[in-house]
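Trainee: Would you mind keeping the following structure in view while I ask a few things?
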Amino acid sequence: MTQEFLQDAIVEDLEQLFSHYTLTNSLGVDRKIQVFSQFLPFREGDDEETDAEAPPEPYVLVKMPSGELPEQDAQQNVDVKLIVCVCDPAMNRQGYRDALHIVNEIVRHYARDGIVANRYEAQHPIRWAVQEEAETHPYYFAAVGLPFHAPAIFKEVPET
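With the working numbering, letter number 40 in the sequence shown gets 915, and the count goes up by one each step, no holes.
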């Protein structure tokens, strides 16, 4: 499936982009940014209060909420949403800056290198947003909206 391959390719691309970038999770432990596809995984038996690896943050979630095949034999248009979550318990409520830094890295990366896995092409406009209210403190969220062109799906015609 083209969409699944695109999602997997973006996950791999973002893991590489953030491979040397660490932030503090909710237990105060520095860790790499986790990248997940579509949903956060359930944790079985993990105790977030004592296991430093249990909390998922910081993370980027690669979601694919919709797409479109505009006409027969045309490239697919795939909407990709990247959800960013960081944790910053400081009372100055500046955690949005870490989330915005991740957004800026993603936007810069796909504006500069818009080809993923040699077959998917990022399109413009690239949209981004940060949460307006910090009511989720110490967690801060941001998002990037990336439209992609994916290869066309061709009608199968039996050979005669």
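Quick reminder that beta carbons are idealized off the backbone N, C-alpha and C, glycines included.
Taking contact to mean 3 or more Cβ pairs, one atom from each stretch, closer than 8 Å, check whether the stretch 940-949 and the stretch 957-973 are in contact.
Mentor: no
Trainee: Quick one: Cα of Ala-1027 to Cα of His-1012, how far?
Mentor: Answer to the nearest angstrom: the Cα atoms are 43 Å apart.
Trainee: Do the CB positions of Asp-888 and Ala-992 come within less than 9 Å of each other?
Mentor: yes
Trainee: Please return the same chain residues whose Cβ sits closer than 8 Å to the Cβ of Gln-913, not counting the five positions on each side in sequence.
Mentor: Gln-882, Leu-936, Val-937, Lys-938, Met-939
Trainee: Would you say Arg-1002 touches the ligand FMN, meaning its beta carbon is less than 8 Å from a heavy atom?
Mentor: Judged by which ligands are present, the structure shown has none, so any question about the ligand FMN falls away.
Trainee: What are the uninterrupted segments assigned as alpha helix (DSSP H) that are 4 or more residues long and contained completely in the stretch 965-1007, given in chain order?
Mentor: 971-987
Trainee: Return the first residue and the last residue of the beta strand (DSSP E) that Glu-943 is part of.
Mentor: 934-943
Trainee: If we ignore side chains and look at the alpha-carbon of each, how far apart do Pro-1022 and Arg-972 end up?
Mentor: Cα to Cα, the separation comes out at about 24 Å.
Trainee: Below 9 Å between beta carbons: does that hold for Ser-1042 and Tyr-1015?
Mentor: Given that the chain is displayed from residue 876 to residue 1035, the structure contains no residue 1042 and the question cannot be resolved.
Trainee: Start and end of the alpha helix (DSSP H) containing Ala-884?
Mentor: 877-892
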